[in-house]
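First up is the structure itself, then whatever we jot down about it.
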Amino acid sequence: MQALTNRAQAVNRAPMTFWERIYLVNIFKGMLITFSHIFKKKPTIQYPEQKRPFSPVFRGLHVLNRDEQGRERCTACGLCAVACPAEAITMEAAERLPGEENLYREEKYAARYEINMLRCIFCGLCEEACPKDAIYLSETFAPANFNRSTFIYSKKDLLIPNPVTEPEAYAKAKGLN
Ligand code: SF4
Ligand code: SF4
């Protein structure tokens with residue numbers, strides 16, 4: 001039959017020699033390659049006990065920031081949502097009521113703030129667009145999950161712990177200890 005390409009190779013059907021039949025030489029060759037790697041530096045690490053350091057330019061999961069008095073910095077101006085090329089951010093603004101000055105830094109705040117992590121490309125433009133230092137990308141990443149709805153991060157998931165009422169959790173979130 002005519003070959004479709006000129007890459008056809010003739011198969012060597014010569015009977016195997018004694019050494020080829022007992023396979024010992026090839027087994028030792030394979031073992032030698034394996035043993036030659038034992039004393040080399042291991043490229044793998046024991047994750048999650050060991051973690052690789054992040055690159056200085058790594059951009060991870062978003063955090064909604066508070067000021068030093070524990071008040072939410074976000075004023076729901078919407079600039080982050082406008083800057084987001086993936087349209088991953090949605091929010092609803094609300095007016096601060098009298099007596100809520102200890103909760104919200106500005107007269108307007110985000111009553112609802114959501115980021116769709118399945119859309120987010122972690123470009124960091126929301127952080128750059130924010131005039132209130134209210135959002136930043138941390139050095140953690142969104143954990144894997146089986147359910148798409150778990151990747152819609154709400155304000156509850158994004159807000160950093162209060163530095164006044166939860167100083168330890170705040171320091172941990174900031175990577176200070
Ligand atoms: S990191 Fe980029 S894609 Fe993700 S929410 Fe911010 S602006 Fe949008
Ligand atoms: S995070 Fe910043 S840019 Fe986004 S709505 Fe809040 S204050 Fe505005």
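Note that the UniProt record's numbering numbers the sequence shown so that position 79 is 79, with each residue one more than the last.
The beta carbon of each residue, even a glycine, is placed where N, CA and C say it ideally should be.
Residue range of the unbroken beta strand (DSSP E) whose run includes residue i
| i | result |
| --- | --- |
| residue 137 | 135-137 |
| residue 111 | 108-116 |
Where the alpha helix (DSSP H) through residue i begins and ends
| i | result |
| --- | --- |
| residue 101 | Segment: none, residue 101 is in no alpha helix (DSSP H) and carries neither H nor E. |
| residue 155 | 155-158 |
| residue 22 | 18-22 |
| residue 172 | 167-174 |
| residue 94 | Residue 94 -> not in any alpha helix (DSSP H); beta strand (DSSP E) instead, spanning 89-95. |
| residue 10 | It is not in any alpha helix (DSSP H) - residue 10 carries neither H nor E in the DSSP assignment. |
| residue 129 | 125-129 |
Expected contact under 8 Å - CB spacing of residue i and residue j to nearest Å
| i | j | result |
| --- | --- | --- |
| residue 90 | residue 81 | 7 Å |
| residue 121 | residue 86 | 5 Å |
| residue 178 | residue 140 | As displayed, the chain neither begins before 1 nor continues past 177, which places residue 178 out of reach and without an answer. |
| residue 115 | residue 88 | 5 Å |
| residue 63 | residue 142 | Contact flag wrong, Cβ pair sits at about 12 Å. |
| residue 125 | residue 84 | 6 Å |
| residue 107 | residue 95 | 7 Å |
| residue 153 | residue 162 | Not a contact, Cβ separation roughly 18 Å. |
From the options, residue whose alpha carbon lies closest to that of residue i
| i | options | result |
| --- | --- | --- |
| residue 117 | 22, 54, 67, 59 | 59 |
| residue 160 | 128, 54, 72, 142 | 72 |
| residue 132 | 21, 77, 52 | 77 |
| residue 70 | 171, 175, 165 | 165 |
| residue 175 | 156, 128, 53, 150 | 53 |
| residue 148 | 158, 119, 3, 104 | 119 |
| residue 105 | 67, 42, 146 | 67 |
**Request:** Taking 8 Å as the threshold, find out whether the stretch 110-118 comes into contact with the stretch 31-46 through three or more Cβ pairs.
**Result:** no
**Request:** Could you tell me which uninterrupted beta strand (DSSP E) segments, each at least 3 residues in length, are contained entirely in the stretch 28-84, listed from first to last along the chain?
**Result:** 62-64
**Asked** Using 8 Å as the Cβ pair cut-off and three pairs as the minimum, do the stretch 96-106 and the stretch 17-30 touch?
**Response** no
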